[in-house]
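The numbering used here puts the first residue of the sequence shown at 11, with every later residue one more than the last. All C-beta atoms in this analysis are idealised placements derived from N, C-alpha and C, irrespective of residue type, glycine included. Remember, predicted model here, so these are calculated numbers, not experimental data.
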Amino acid sequence: MTPADTGASTVVDAASAASAIPDSTGSTGSTGSTDSRMAPGGPGYRRMSLALFLAGVATFALLYSTQALLPLISGDLGVTASDASWTVAAATGGLAVFVLPMSALSERFGRRTVMTASLAVAVTVGLLVPFAPSLPALVALRAVQGAALAGLPASATAYLAEEVRPRALVTAIGLFVAGNSVGGMSGRVITGWVAQEWGWRVAVGAVGLVAVACAVAFRLLLPAPKHFTPGSLRPRVLVRTVRDHLANPLLRRLYAIGALFMTVFGGIYTVIGYRLTEAPFSLPQGLIGSIFLVYLVGTVSASTAGRLVGRLGRRGALYLGAGTTAAGLLLSLAPTLPLVLLGLVLITAGFFAGHAVASSAVGKTAQHGRAQASALYQSAYYVGSSAGSTAGAVAFHSGGWAGTVAVGVLAVLGVVVITVSGSLAARRAAGTPVRALGLPR
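Okay, here's the thing in structure tokens:
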């Protein structure tokens with residue numbers, strides 16, 4: 011398996027999909043006038059890039075809008091940390107369940123249509139969330155919102171693979187991935203500072219209004235597709251493709267690794283607000299929201315994942331990501347804020363690197379139905395987020411921060427065990443002796 015050259019899973023998945031689209035520029039790879047797909051400097055390219063950037067911002071700002079606000083939600087609704095964590099788990103769980111069906115709908119009704127409908131439903135629900143009268147109502151709204159948002163990752167990369175020239179594809183999807191990162195970070199930071207002054211309901215409403223503006227601009231800016239060919243909804247074909255992917259041992263391992271890494275990340279960032287509001291830290295809500303600026307570290311580590319794979323091999327890079335995450339978990343147990351922040355930096359860097367390596371390998375491993383292979387990875391990834399949010403909060407409620415860290419350490423050990431088993435299986439298949447130590451490629 012060749013080393014990945016990028017840390018973003020969507021880049022690899024879309025690049026794989028683009029390989030199935032004939033390149034009318036010719037075999038020499040030079041840009042020809044007969045190719046009507048978009049390219050930098052050409053008609054529609056900037057509008058398309060900005061539109062998908064804003065879609066990414068809206069998606070991830072909405073998806074995690076309550077995560078930085080959980081202590082305030084607990085206090086206002088009179089619920090425990092584990093109960094409040096369901097406002098995050100329901101959204102990511104809804105996305106996990108519906109990302110595969112949404113990918114099938116986009117094949118039939120079009121990428122832009124599904125993305126527009128998804129954002130419209132999600133932002134409408136986002137404006138209702140601040141008025142939820144109880145925790146069950148809030149959780150239900152968040153589940154619907156997550157299900158609606160599943161249409162974005164299921165359609166955006168396919169749209170780009172069809173409408174952008176292959177040479178410009180990585181750059182175009184890089185902007186969409188940047189929107190994801192910016193949305194996930196800014197949504198948490200904005201809610202933290204707004205909630206400090208006006209409460210969590212106003213904060214969630216502010217994110218909803220930002221998402222509305224992004225959704226309207228997205229629809230106005232995104233060029234109409236010119237290269238989409240509708241397909242038929244054939245459940246038997248979809249089921250067969252999914253079954254084939256799940257029968258592949260390597261893909262199963264990659265799905266499990268993605269889920270376990272996200273279990274760590276979801277648990278830590280769901281509970282960190284509770285820890286920092288307590289003694290000895292006692293931080294205000296605005297500063298707690300700003301903690302999510304640590305996400306910028308993940309952008310850097312994901313972008314270097316390709317070079318890590320080139321030097322250490324895929325499994326070696328996974329070991330490094332797991333080790334970095336484990337070190338951060340243990341360091342976060344310290345009672346001083348600088349060490350806790352350093353621990354979060356290491357957890358974030360290790361998670362994003364591991365996720366980038368695993369997700370990029372999915373696109374390279376699947377020999378057919380790459381869109382469904384990617385959708386299955388995303389489903390596993392967000393199932394891990396939901397499980398981590400819930401398990402981390404339950405562990406915090408019963409055992410404090412050490413309990414949440416213990417859940418994370420167990421998940422990291424799971425990554426290591428799966429990676430080691432993959433190494434042994436690969437060596438047995440190759441008929442080579444199994445070494446006791448080393449970082450197999």
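- Shortest Cα-Cα distance from M272 to any of A401, G85, S84, G156 involves A401.
- The beta carbon of V350 lies closer than 7 Å to those of S342, A344 in the same chain, with the five residues before and after it left out.
- Distance from the CA atom of A315 to the CA atom of A363, rounded to whole angstroms, is 5 Å.
- The beta carbons of V139 and R118 sit no closer together than 9 Å.
- If you check the CB distance, G193 and F70 come in under 9 Å.
- Residue burial annotation: V217 is buried, with at least 16 other C-beta atoms found within 10 angstroms of its C-beta.
- In the three-state reduction of the DSSP assignment, V247 falls in the helix class, which pools H, G and I.
- E117: member of the alpha helix (DSSP H) spanning 96-119, first to last residue.
- A contact between stretches requires three or more CB pairs, one per stretch, nearer than 8 Å, and the stretch 381-400 meets this requirement with the stretch 102-112.
- DSSP places V174 in the strand class (E or B) of the three-state scheme.
- Between G161 and the set G432, A213, L73, A127, the nearest pair of CA atoms involves A127.
- Contact between L129 and A225 is confirmed by a C-beta separation of about 4 Å, below the 8 Å threshold.
- Taking C-beta atoms as the reference points, T280 and L80 count as a pair closer than 9 Å.
- Distance check between Y74 and each of A132, G323, L232 places A132 closest, using alpha-carbon atoms only.
- Pairing G424 with T414, the inter-Cα distance amounts to about 16 Å.
- Residue range 80-87 is occupied by the alpha helix (DSSP H) that includes D86.
- At least 9 Å separates the beta-carbon of F406 from that of A78.
- Taking a contact as a CB-CB distance under 8 Å, the pair L328 and T429 counts as one, their CB atoms being some 5 Å apart.
- Of the residues R437, S433, A158, G54, the one whose Cα lies closest to the Cα of L232 is G54.
- Scanning the stretch 268-311 for uninterrupted beta strand (DSSP E) segments of 3 residues or longer gives nothing; none is fully contained.
- If you look at Y74, you'll find it isn't in any alpha helix (DSSP H); DSSP assigns it neither H nor E.
- Going by C-alpha positions, G409 is about 53 Å away from A234.
- When beta bridges are read from the DSSP output, M48 appears opposite V174.
- At the C-beta level, G277 and G66 stay beyond 9 Å of one another.
- Scanning its chain for C-beta atoms nearer than 7 Å, with the 5 sequence neighbours on each side dropped, one finds around L352 the residues L341, in chain order.
- Secondary structure within the stretch 404-444: not one fully enclosed alpha helix (DSSP H) run of 4 or more consecutive residues is present.
- For the pair A94 and I83, the CB atoms are nearer than the 9 Å cut-off.
- P146: member of the alpha helix (DSSP H) spanning 145-159, first to last residue.
- Under the three-state reduction of DSSP, L232 is assigned to coil, being neither helix nor strand.
- For the 9 Å CB-CB criterion, V319 and S370 form a contact.
- DSSP places F238 outside both helix and strand once states are collapsed to three, so it counts as coil.
- Annotation for A227: L60, A61, L64 place their beta carbon closer than 8 Å to its own, counting only its chain and skipping 5 residues before and after.
- When DSSP states are grouped into helix, strand and coil, S165 belongs to the helix group.
- Apart from the 5 residues on each side of it in sequence, A205 sits with its Cβ closer than 6 Å to the Cβ of L79, L82, A213, Q295 in its chain, given in chain order.
- Here the C-alpha atom of R325 lies approximately 11 Å from the C-alpha atom of A436.
- In the same chain as L145, and ignoring 5 residues on each side of it, the C-beta atoms closer than 7 Å to its own belong to L87, V89, D93, in chain order.
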